[in-house]
Amino acid sequence: MEKNKIILKNCFIVDVNKENHITSGAIVVRDGKIAWLGHTTDIEWTEKSAKVIDLKGLTVVPGLINVHVHLCLSGEANPNLLNQSDIETTINVMDNSNKTLSGGVTTIRDCGCSNSAAIEVSKAIESKKIKGPRIVSTGRALLMTGGHGRFLGREVDGVENLRQAAREEIKAGAKALKVIATGGVLSPGTEIGAPELNYEEISAVVEEARKRGITVAAHAIGTTGIMNAIRAGVDSIEHGSYLTNDGIDLMKEKGIFHIPTLTAYHRVVENSNNSKMDSTTVQKANQAHDDNMKSFINSRQAGVKFATGTDAGTPYNPHGNIHMEMRLMEESGVSKIDILRAATIKGAELLQLEDRVGSISENKIADIIAVEGNPLENMDAIKNIKLVIKEGDIVYSTLQ
22 MEKNKIILKN
32 CFIVDVNKEN
42 HITSGAIVVR
52 DGKIAWLGHT
62 TDIEWTEKSA
72 KVIDLKGLTV
82 VPGLINVHVH
92 LCLSGEANPN
102 LLNQSDIETT
112 INVMDNSNKT
122 LSGGVTTIRD
132 CGCSNSAAIE
142 VSKAIESKKI
152 KGPRIVSTGR
162 ALLMTGGHGR
172 FLGREVDGVE
182 NLRQAAREEI
192 KAGAKALKVI
202 ATGGVLSPGT
212 EIGAPELNYE
222 EISAVVEEAR
232 KRGITVAAHA
242 IGTTGIMNAI
252 RAGVDSIEHG
262 SYLTNDGIDL
272 MKEKGIFHIP
282 TLTAYHRVVE
292 NSNNSKMDST
302 TVQKANQAHD
312 DNMKSFINSR
322 QAGVKFATGT
332 DAGTPYNPHG
342 NIHMEMRLME
352 ESGVSKIDIL
362 RAATIKGAEL
372 LQLEDRVGSI
382 SENKIADIIA
392 VEGNPLENMD
402 AIKNIKLVIK
412 EGDIVYSTLQ
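Each residue of the sequence shown is one higher than the last, beginning at 22 in the numbering used here.
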């Protein structure tokens, strides 16, 4: 049998590009790519050796893309998990990769790990030694001494030291970089609105990233830190609470993405009465929560680009739950088709992969999921994963 020859028939195919959706559609997958798509009745049934899967009316969408996760964290509200051994971290990364894949996500950006585990696991997945999503890893996040995210990165101070650290993360295999521009919710002793790495330091990281053709994400909660990151030329603002109109205008002008990570705040606030949660963490999450949604609504309505990132791994925010972020986006007023775009082709654009993944198009990599129900009618359908295909291989299936 020719490698990866699969025919999917009798499905509703969602077109995230032009909305030319196909009813009673079919997809031919050959050698890991989408060789053809159209109506089931138009297939020339000459693919004698193909594996034919009758989807019986299921909806097919591109493999989902989550542009903000932390594979080294499990989503438990347990502060001890922030002090794991390297072996425990690696086990977490592998386990969470599997959960991600079975949740319909075939591509992720890992936005910070305490060691090189996410990078090494991404290499193992790429070489097909293990199953998992395509991982664009930022390596260790870059933060100031005593700053936010010490459990996800490395402490570095000064322009030249940041420049060297960026080079070292790229040398280790990072396919993107992450800077910490402000304090954050989970780090004791940091204030969420306080600027941390400054404009010059962030600019040095951006400059090194540009030399290698990779992108930079900025954790940024608070006006000054956000503006430092925007002016330095990062590619995405992560979280973005307290985003001002000036910041929004500049993001739109520069084509910078907003990744609001609505789920992260929502889950902490939703579980704020749980005794496992540190009271300071809860207070900071509540402080940023409402403005997080407000900032996202304002940036989106102004035309700033956005993509889907959950911040999976943070408290009560397990991997494989991208549908929660999509539901919260819907509650904020985003249309269903734009939510699907944010979780597919727009995420691919941010990760510089739009020519390879993010839509069901001929000659693209066959990253495909099938769900029961139609997310264009009910976004909760995206939870009902029945089939996941990554690079033409069936990696998850509940089909009979």
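Backbone N, C-alpha and C define an ideal beta-carbon position, used for all residues, glycine too.
It should be emphasised that the depicted structure is a prediction, and the values quoted were computed from it without experimental measurement.
Kindly indicate the opening and closing residues of the alpha helix (DSSP H) around residue 399. Residue mapping note: residue 399 aligns to position 378 of the sequence shown, counting from 1. Careful: residue 399 lies outside any alpha helix (DSSP H) and carries neither H nor E.
Residue 370: which of 42, 62, 56, 86 sits nearest, CA to CA? Stepping through the sequence shown from its first residue, residue 370 is reached at position 349. Comparing Cα-Cα distances from residue 370 to each of 42, 62, 56, 86, the minimum goes to 86.
Taking the runs of the beta strand (DSSP E) that are 3 residues or longer, which of them lie wholly in the region 115-197? Restricted to the region 115-197, the beta strand (DSSP E) segments that are unbroken, complete and at least 3 residues in length are 126-131, 155-158, 162-164, 174-176, listed in chain order.
Compute the Euclidean distance between the alpha carbons of residue 223 and residue 194, then round it to the nearest angstrom. Position 202 of the sequence shown, counted from the start, is the residue given in the question as residue 223. Position 173 of the sequence shown, counted from the start, is the residue given in the question as residue 194. When rounded, the distance between both Cα atoms is 20 Å.
Does any C-beta atom of chain B lie closer than 7 Å to the C-beta of residue 176? No chain B appears in this structure, which consists of one protein chain only.
Nearest-angstrom Cα distance between residue 34 and residue 366? Position 13 of the sequence shown, counted from the start, is the residue given in the question as residue 34. Position 345 of the sequence shown, counted from the start, is the residue given in the question as residue 366. Cα to Cα, the separation comes out at about 15 Å.
Cβ-based neighbour list, residue 230, same chain, cut-off 6 Å, excluding 5 preceding and 5 following: Within the sequence shown, numbered from 1, the residue matching residue 230 stands at position 209. Only 198, 237 meet the Cβ criterion.
Please report the straight-line C-alpha distance between residue 42 and residue 363, rounded to a whole angstrom. As a first step, residue 42 is located in the sequence shown; it is residue number 21 there, counting from the start. As a first step, residue 363 is located in the sequence shown; it is residue number 342 there, counting from the start. Going from the Cα of residue 42 to the Cα of residue 363 covers about 17 Å.
State the Cα-Cα distance for the pair residue 406 and residue 184, rounded to the nearest angstrom. Locating residue 406 in the sequence shown gives position 385, where the first residue counts as 1. Locating residue 184 in the sequence shown gives position 163, where the first residue counts as 1. Between the alpha carbons of residue 406 and residue 184 lies a gap of roughly 43 Å.
Can you check which of these residues, 79, 120, 205, is closest to residue 343 by C-alpha distance? Translated into positions along the sequence shown, residue 343 becomes position 322. Nearest option by C-alpha distance: 120.
Going straight from the alpha carbon of residue 218 to that of residue 187, what length do you get? Taking the sequence shown and counting its residues from 1, the one referred to as residue 218 is at position 197. Taking the sequence shown and counting its residues from 1, the one referred to as residue 187 is at position 166. So the alpha carbons of these two residues sit roughly 13 Å apart.
Using a 10 Å radius around the Cβ and a threshold of 16 neighbouring Cβ atoms, would you call residue 40 buried or exposed? Along the sequence shown, one-based indexing puts residue 40 at 19. Exposed, because fewer than 16 other Cβ atoms sit within 10 Å of the Cβ of residue 40.
Quick check on residue 259: does DSSP put it in helix, strand or coil? Here residue 259 is taken as the residue at index 238 of the sequence shown, counted from 1. Residue 259: strand per DSSP, three-state reduction.
In three-state DSSP terms, what is residue 382? Here residue 382 refers to the residue found at position 361 of the sequence shown. If DSSP states are grouped into helix, strand and coil, residue 382 belongs with coil.
Exposure label - residue 137; buried when at least 16 CB within 10 Å: Locating residue 137 in the sequence shown gives position 116, where the first residue counts as 1. Label assigned to residue 137: buried.
Please state the DSSP three-state secondary structure of residue 113. Within the sequence shown, residue 113 is the residue found at index 92, counting from 1. In the structure shown, residue 113 sits in a helix (DSSP, three-state: H, G or I).
Does DSSP put residue 376 in a helix, a strand or coil? Numbered from 1 along the sequence shown, position 355 holds the residue referred to as residue 376. Looking at residue 376 - three-state DSSP - the assignment turns out to be coil, as it is neither helix nor strand.
Should residue 60 go down as buried or exposed, given a rule of 16 or more other Cβ atoms within 10 Å for buried? For the purposes of this step, residue 60 is identified with residue 39 of the sequence shown, where counting begins at 1. Exposed, by the Cβ-count rule.
Taking only the alpha-carbon atoms, compute the straight-line gap between residue 56 and residue 47 and give it to the nearest angstrom. Taking the sequence shown and counting its residues from 1, one reaches residue 56 at position 35. Taking the sequence shown and counting its residues from 1, one reaches residue 47 at position 26. Each residue's alpha carbon lies about 11 Å from the other.
Would you grab the beta carbon distance between residue 387 and residue 72 for me? Rounded to a whole angstrom, and I think it's under 8 Å. One-based indexing of the sequence shown puts residue 387 at position 366. One-based indexing of the sequence shown puts residue 72 at position 51. About 13 Å; that fails the 8 Å criterion.
On the premise that residue 379 lies in contact with residue 154, defined as a C-beta separation below 8 Å, what is that separation, rounded to the nearest angstrom? Residue mapping note: residue 154 aligns to position 133 of the sequence shown, counting from 1. Residue mapping note: residue 379 aligns to position 358 of the sequence shown, counting from 1. Wrong, their Cβ atoms sit about 13 Å apart, outside the cutoff.
Is residue 236 helix, strand or coil by DSSP? Reading the sequence shown from its first residue, position 215 is the one you call residue 236. Three-state result, residue 236: strand.
Excluding the 5 residues flanking residue 29 on each side, which residues of the same chain have their C-beta closer than 6 Å to its C-beta? Sequence index remark: in the sequence shown, residue 29 carries index 8 (1-based). Excluding positions up to five away in sequence, the list reads 48, 74, 76.
Contact check, residue 169 vs residue 135, beta carbons under 7 Å: As a first step, residue 169 must be located in the sequence shown, where it is residue number 148. As a first step, residue 135 must be located in the sequence shown, where it is residue number 114. No; because the gap between Cβ atoms is not below 7 Å, this pair is not in contact.
As assigned by DSSP and simplified to three states, the class of residue 22: Numbered from its first residue, the sequence shown carries residue 22 at position 1. Only weak support is given to the placement of residue 22: the predicted model assigns it a pLDDT of 40, under 50, and the value that follows is read from those uncertain coordinates. If DSSP states are grouped into helix, strand and coil, residue 22 belongs with coil.
Quick check: residue 166 and residue 178, are their CB atoms within less than 7 Å of each other? Walking along the sequence shown from the start, residue 166 turns up at place 145. Walking along the sequence shown from the start, residue 178 turns up at place 157. Residue 166 is a Cβ neighbour of residue 178, given a cutoff of 7 Å.
Mind checking which residues open and close the beta strand (DSSP E) that includes residue 357? For the purposes of this step, residue 357 is identified with residue 336 of the sequence shown, where counting begins at 1. Run containing residue 357: none in the beta strand (DSSP E); it sits in the alpha helix (DSSP H), 357-363.
Note down, in chain order, each residue of its chain lying with its Cβ closer than 7 Å to the Cβ of residue 295, except the 5 sequence neighbours on either side. One-based indexing of the sequence shown puts residue 295 at position 274. Non-local C-beta neighbours of residue 295 in its own chain, meaning closer than 7 Å and more than five positions away in sequence, comprise 98, ordered along the chain.
At which residue ranges does the region 315-353 contain complete alpha helix (DSSP H) runs of 4 or more residues, listed in the order of the chain? 343-352
Contacting residues, own chain, Cβ-Cβ under 6 Å from residue 350 (five flanking each side not counted): The count along the sequence shown starts at 1 and reaches residue 350 at position 329. Only 360 meet the Cβ criterion.
Selection from 140, 191, 226, 304 that minimises the alpha carbon distance to residue 164: Counting from one through the sequence shown, the residue named residue 164 turns up at place 143. Among 140, 191, 226, 304, the Cα nearest to that of residue 164 belongs to 226.
So, with DSSP's three-state summary, where would you put residue 98? Within the sequence shown, numbered from 1, the residue matching residue 98 stands at position 77. Three-state result, residue 98: coil.
Can you tell me whether residue 276 is buried or exposed, with buried defined as 16 or more other CB within 10 angstroms of its CB? Residue mapping note: residue 276 aligns to position 255 of the sequence shown, counting from 1. It is exposed - the Cβ of residue 276 has fewer than 16 other Cβ atoms within 10 Å.
Pull up the CB-CB distance for residue 334 and residue 122, whole angstroms please, since I reckon it's below 8 Å. Counted from its first residue, the sequence shown places residue 334 at position 313. Counted from its first residue, the sequence shown places residue 122 at position 101. Their Cβ separation, rounded to whole angstroms, is 15 Å, which puts residue 334 and residue 122 out of contact at 8 Å.
Could you please give the first and the last residue of the uninterrupted beta strand (DSSP E) stretch that includes residue 74? Sequence index remark: in the sequence shown, residue 74 carries index 53 (1-based). Residues 72-75.
Grab the span of the alpha helix (DSSP H) containing residue 290 for me, first residue to last. For this step, residue 290 is matched to residue 269 along the sequence shown. From DSSP, the alpha helix (DSSP H) with residue 290 extends over 283-291.
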